[in-house]
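Report on the structure given below.
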């Protein structure tokens with residue numbers, strides 16, 4: 243496994259004619275990330291994983307300073323997964339001209355997670371573009387848990403100069419009790435961890451028709467501070483219409499100081 247932290251070394255490592263699949267991460271790796279790597283391996287000759295905690299997607303009030311940085315453990319895990327290359331750039335390499343946001347993803351970045359994190363998706367697109375420029379993948383794999391992010395990146399790719407990159411979605415990987423795997427789950431106390439599965443349980447009940455949106459919201463508020471619960475067209479993230487073919491149940495909550503997100507995507511039946 244090659245570990246590279248320099249853009250020139252990355253360019254030298256790339257072999258023309260070999261198809262690269264890319265999995266961007268901020269470290270703190272878990273089985274959810276590993277499932278994306280497995281998917282990437284099916285799609286290309288070589289797999290590159292990046293580890294970079296991107297400052298432009300954190301606000302001053304968020305957990306940038308405290309975000310888990312577990313590089314030694316992450317590299318050991320990636321070695322076991324036989325990843326071809328790990329790219330570990332620093333902030334100056336990603337943002338040589340400063341971190342001023344030059345992207346505005348528009349209205350799609352102001353709904354759902356964007357209401358409480360209006361900076362977030364602009365920062366995500368900014369770092370994704372830089373990483374794409376450096377790694378030049380044919381395929382990039384993102385997790386479905388961050389469904390709005392996935393939707394925005396697909397939109398960005400379709401409109402931009404990197405339209406040749408195929409974006410693939412990896413399924414949500416869950417703990418045995420249903421909690422979606424996330425690096426931030428390690429923030430949860432023992433008591434909070436016992437409560438956290440109520441998020442997916444409620445979404446599943448809503449999906450099965452056991453609850454309606456109003457009663458699901460009330461149930462969530464017994465355990466969490468509710469950020470949002472929405473049922474939208476999964477292809478547009480707009481209100482459901484007669485033409486809607488796929489539905490997204492999307493939710494974000496706070497459990498203590500930890501923000502959890504989850505979703506269920508399904509075909510309209």
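Residue numbers (the numbering used here): 243 to 511.
Ideal Cβ placement from N, Cα and C applies to all residues, glycine included.
For a minimum of 3 consecutive residues, which ranges assigned as the beta strand (DSSP E) are wholly contained in the segment 443-481?
Listed in chain order, they are 467-475.
Can you grab the Cα-Cα spacing for the pair residue 364 / residue 429, in whole Å?
Residue 364 sits at position 122 when you count from the first residue of the chain shown. Residue 429 sits at position 187 when you count from the first residue of the chain shown. One C-alpha to the other measures close to 25 Å.
Cα-Cα separation between residue 255 and residue 244, rounded to whole angstroms
On the chain shown, position 13 is the one that residue 255 refers to. On the chain shown, position 2 is the one that residue 244 refers to. For the pair residue 255 and residue 244, the Cα-to-Cα distance works out to about 9 Å.
How would you label residue 391, buried or exposed, when you count the other beta carbons within 10 angstroms and need 16 or more for buried?
In the chain shown, residue 391 corresponds to position 149, counting from 1. Answer is buried; the Cβ neighbour count reaches 16.
Would you mind listing the beta strand (DSSP E) stretches within the segment 283-310 that are 3+ residues and don't spill past its ends, in chain order?
288-293, all fully within the segment 283-310.
Where the beta strand (DSSP E) containing residue 501 begins and where it ends:
Against the chain shown, residue 501 aligns to sequence position 259. Element bounds for residue 501: 500-509.
Are three or more beta carbon pairs between the segment 448-467 and the segment 335-351 nearer than 8 Å?
Counting Cβ pairs under 8 Å, fewer than three are found: no touch.
With burial defined as no fewer than 16 other Cβ atoms inside 10 Å of the residue's Cβ, what is the status of residue 313: buried or exposed?
Position 71 of the chain shown, counted from the first residue, corresponds to residue 313. By the neighbour-count rule (16 or more Cβ atoms within 10 Å), residue 313 is not buried but exposed.
Stretch-stretch touch, CB-based, cutoff 8 Å, three pairs: the segment 361-379 with the segment 314-324
No contact exists between the segment 361-379 and the segment 314-324.
Let me check one thing: in DSSP terms, what residues is residue 355 bridge-paired to?
Here residue 355 corresponds to residue number 113 of the chain shown, with the count starting at 1. DSSP lists no partner for residue 355.
Close Cβ partners of residue 408 (< 8 Å) along its chain, the five nearest in sequence each way excluded:
As a first step, residue 408 is located in the chain shown; it is residue number 166 there, counting from the start. Same-chain partners within the cutoff: 285, 380, 381 and 382.
Using the Cβ count rule (16 or more neighbours within 10 Å means buried), how would you classify residue 351?
Sequence index remark: in the chain shown, residue 351 carries index 109 (1-based). Classification for residue 351: buried.
Counting Cβ pairs, one atom from each stretch, are 3 or more of them under 8 Å apart for the segment 291-300 and the segment 405-424?
By the Cβ test, the segment 291-300 is not in contact with the segment 405-424, since fewer than three Cβ pairs between them sit closer than 8 Å.
To the nearest whole angstrom, what separates the beta carbons of residue 395 and residue 369, a pair I think is in contact under 8 Å?
Locating residue 395 in the chain shown gives position 153, where the first residue counts as 1. Locating residue 369 in the chain shown gives position 127, where the first residue counts as 1. Wrong, their Cβ atoms sit about 11 Å apart, outside the cutoff.
On the premise that residue 355 lies in contact with residue 494, defined as a C-beta separation below 8 Å, what is that separation, rounded to the nearest angstrom?
Here residue 494 is taken as the residue at index 252 of the chain shown, counted from 1. Here residue 355 is taken as the residue at index 113 of the chain shown, counted from 1. Going by Cβ atoms, the distance from residue 494 to residue 355 rounds to 6 Å, so yes, they are a contact pair.
Which value, in whole angstroms, describes the spacing of the CA atoms of residue 439 and residue 257?
One-based indexing of the chain shown puts residue 439 at position 197. One-based indexing of the chain shown puts residue 257 at position 15. Cα-Cα distance, rounded: 44 Å.
Using only alpha-carbon positions, find the residue among 496, 510, 451 and 341 that is nearest to residue 483.
As a working mapping, residue 483 is identified with position 241 in the chain shown. Distance check between residue 483 and each of 496, 510, 451 and 341 places 510 closest, using alpha-carbon atoms only.
Along the beta strand (DSSP E) that carries residue 267, what are the first and last residues, could you check?
If you number the chain shown from 1, residue 267 lands on position 25. Per DSSP, residue 267 belongs to the beta strand (DSSP E) from 262-267.
Could you have a look at residue 367 and say whether DSSP puts it in helix, strand or coil?
Along the chain shown, read from residue 1 onward, the residue named residue 367 stands at position 125. Looking at residue 367 - three-state DSSP - the assignment turns out to be helix.
Report the three-state DSSP secondary structure of residue 496 (helix, strand or coil).
In the chain shown, the residue the question calls residue 496 occupies position 254. Strand at residue 496.
Anyone know if the C-beta pair for residue 422 and residue 442 falls short of 8 Å?
Mapped onto the chain shown, residue 422 falls at position 180. Mapped onto the chain shown, residue 442 falls at position 200. Yes.
Measuring alpha carbon to alpha carbon, tell me which residue in 262, 309, 308 and 332 is nearest residue 291.
Along the chain shown, one-based indexing puts residue 291 at 49. The candidate whose alpha carbon is nearest that of residue 291 is 262.
Spell out the partners DSSP gives residue 362 in its beta bridges.
Position 120 of the chain shown holds residue 362. Beta bridge pairing from DSSP links residue 362 with no other residue.
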